[in-house]
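**Student:** Residue numbers (this note's numbering): 264 to 462. C-beta: ideal position from N, C-alpha, C; glycine also. Here it is, the structure, as structure tokens.
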């Protein structure tokens, strides 16, 4: 796929749209973040929308821009591994499982950011590439990712991660575990007969 085709791919277009929304929400400032972030007490009081909006909300524009850039990079490099619909399903399940983890397994009082979902999407893609193609690059990414998760959950955020308040290691772990399971489900391939009928 040539670079122009990559930039026009549905996955990249979707990633760019999500990035624009995330950065826009961040630019609206702290009142918007506080209204949309995951909050243990607020969710317990019925503000269920936070279970979804927390993953589009960031501490500031820089935080949003970093996560959005990573999402676009993933879409450009690996968007072809799954359909856009399958990526969307992975993101939705990732959000659900991260929320479950935050609510029942964690002790955080609030959370905002896309990084947990990014970890789920990346893990699903890497696992699928390993299963389908025994891809050496995917193996390298997997080894680095596992080392990163182990380090984060035993020592803390990576030294180059910046402000540790931005890095919620539990969320990364929930995302990776969810993505690893999702990546094991095979990609449905269209039959040759169906393709020939459509040509």
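Could you check the C-alpha separation between residue 292 and residue 301 for me, to the nearest Å?
**Tutor:** Looking at the two C-alpha atoms, the distance is approximately 16 angstroms.
**Student:** For residue 379, which of 274, 436, 298 has the nearest alpha-carbon?
**Tutor:** Closest option to residue 379, Cα to Cα, is 436.
**Student:** For the alpha helix (DSSP H) containing residue 418, name the first residue and the last one.
**Tutor:** Residue 418 -> no alpha helix (DSSP H), and no H or E assigned at all.
**Student:** DSSP on residue 302, reduced to helix/strand/coil?
**Tutor:** strand
**Student:** Can you name the start and end residues of the alpha helix (DSSP H) that residue 287 belongs to?
**Tutor:** 273 to 290
**Student:** Mapping the DSSP letters down to three states, classify residue 342 as helix, strand or coil.
**Tutor:** In the three-state reduction of the DSSP assignment, residue 342 falls in the helix class, which pools H, G and I.
**Student:** Please state the DSSP three-state secondary structure of residue 454.
**Tutor:** With a pLDDT of 43 at residue 454, under the threshold of 50, the modelled position of this residue cannot be trusted; read the value that follows with caution. DSSP places residue 454 in coil when its eight states are reduced to three.
**Student:** Using only CA atoms, which one of 321, 398, 280, 443 lies nearest to residue 412?
**Tutor:** 443
**Student:** List, from N- to C-terminal side, the alpha helix (DSSP H) runs of 4 residues or more that fit wholly inside the stretch 364 to 424.
**Tutor:** As far as the stretch 364 to 424 is concerned, its whole alpha helix (DSSP H) runs of at least 4 residues are 378 to 396, 399 to 417.
**Student:** Considering only the beta carbon of each residue, do residue 401 and residue 440 sit closer than 9 angstroms?
**Tutor:** In this structure, the beta-carbon distance from residue 401 to residue 440 does not fall below 9 angstroms.
**Student:** Check whether the stretch 298 to 313 touches the stretch 328 to 347, counting contact only when three or more Cβ pairs, one atom from each stretch, lie closer than 8 angstroms.
**Tutor:** no
**Student:** Alpha carbon to alpha carbon, how far is residue 273 from residue 415? Give it in angstroms, no decimals.
**Tutor:** 33 angstroms
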